Amino acid sequence: MTKADLVEQVCERAGGFSKREASDLVDSVFDTIKEVLAEGEKVKISGFGNFVVREKGPRPGRNPRTGTEITIEARRVIGFKPSLVLKSVLNG
4 MTKADLVEQV CERAGGFSKR EASDLVDSVF DTIKEVLAEG EKVKISGFGN
54 FVVREKGPRP GRNPRTGTEI TIEARRVIGF KPSLVLKSVL NG
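Just so we're aligned, residue 4 is where the sequence shown starts under my numbering, counting upward by one.
Structure representation (structure tokens):
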């Protein structure tokens with residue numbers, strides 16, 4: 004499913020929205036989620052799941068082509084844990 008598909012679903016299910024308004028709404032939701040995650044906070048969507056930002060420390064790595072050892076820098080990654088409701092929908 005693409006973002007355009009989501010906009011289409013919002014138009015069909017919510018009704019009363021033009022495609023432009025539905026697109027703005029979807030963009031607004033995504034922008035809000037991105038901003039909250041960038042601040043390091045957790046995003047909890049009831050019935051769907053949790054998005055969590057984790058810190059990964061620096062660690063040793065290896066260039067697979069040359070075999071030389073390198074240090075992989077510290078970074079932040081996003082994890083997702085589905086809710087029990089979503090798991091039950093997926094697994095019948």
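Glycine residues also receive a C-beta, built at the ideal position from the N, C-alpha and C atoms. Predicted, not measured: the structure shown is a model, and the values here were computed from it.
Next item on the list: Classify Ala25 as buried or exposed, calling it buried when 16 or more other Cβ atoms lie within 10 Å of its own Cβ.
Entry: Against the sequence shown, residue 25 aligns to sequence position 22. It is buried - the Cβ of Ala25 has at least 16 other Cβ atoms within 10 Å.
Margin query: Quick check on Lys37: does DSSP put it in helix, strand or coil?
Written below: On the sequence shown, position 34 is the one that residue 37 refers to. DSSP places Lys37 in helix when its eight states are reduced to three.
Next item on the list: Look up Phe51 in the DSSP assignment and give the residues it is bridged to.
Entry: Position 48 of the sequence shown, counting from 1, holds the residue named residue 51. None; Phe51 has no bridge partner.
Margin query: Tell me which residue opens and which closes the alpha helix (DSSP H) that Lys6 is part of.
Written below: For the purposes of this step, residue 6 is taken as residue 3 along the sequence shown, with counting starting at 1. Here the alpha helix (DSSP H) through Lys6 covers Lys6 to Ala17.
Next item on the list: Please list, in chain order, all residues of the same chain as Leu89 whose beta carbon is under 8 Å from its beta carbon, the five residues on each side excluded.
Entry: Stepping through the sequence shown from its first residue, residue 89 is reached at position 86. If we look at Leu89 and ignore the five residues flanking it on each side, its Cβ neighbours are Gly50, Phe51 and Gly52.
Margin query: Looking at the secondary structure, which residues open and close the beta strand (DSSP E) in which Cys45 lies?
Written below: Within the sequence shown, residue 45 is the residue found at index 42, counting from 1. Reading off the sequence shown, one finds Lys at residue 45, where the question assumed Cys. Here Lys45 belongs to no beta strand (DSSP E), and DSSP marks it neither H nor E.
Notebook entry, point to check: By a C-beta neighbour count over all protein chains shown, 10 Å radius and 16 as the cutoff for buried, is Val92 buried or exposed?
Noted result: The residue you call residue 92 lines up with position 89 of the sequence shown. So Val92 counts as exposed.
Item checked: Extent of the continuous alpha helix (DSSP H) run through Ser91 -> By 1-based counting over the sequence shown, the position of residue 91 is 88. First-last of the alpha helix (DSSP H) with Ser91: Leu87 to Leu93.
Check: Going by Cα to Cα distance, which pick from Lys59, Arg79 and Gly60 is closest to Glu42?
Finding: Translated into positions along the sequence shown, residue 42 becomes position 39. That would be Arg79, whose Cα lies nearest to the Cα of Glu42.
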